[in-house]
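Under numbering that gives the first Met the number 0, think of the first position of the sequence shown as 0, with each following residue one higher. Backbone N, C-alpha and C fix where the C-beta goes; we use that ideal spot for every residue, glycine too. Source: prediction; values computed, not measured.
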Amino acid sequence: MRGGGYDCNLWTPEHIWDKIRYIHENPVLRGLCNQPDDWQWSSARTFRDCTKGLLKIDDRSIPVLTHQ
């Protein structure tokens, strides 16, 4: 598949959360919805409220930020 995507290693909690936020914002930036939570297939809802959303998140694998 053609595209400008690339892989990269995520070593710090800040870098991981930057990528999660980037992924959640993509549908908004493309004009597909108004808020990340509005996109049906996004994990944004689940990150905000673990009881909602289609995707189940294993939060044990998500690092905790010490500052934001």
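The DSSP-derived three-state label of Asp48 is coil.
Taking C-alpha positions only, Glu24 is separated from Thr65 by approximately 22 Å. Leaving aside the five residues that flank Arg47 on each side, the residues in its chain whose CB is nearer than 8 Å to its CB run, in chain order, Asp36.
Arg44 counts as buried, since no fewer than 16 other beta carbons sit within 10 angstroms of its beta carbon.
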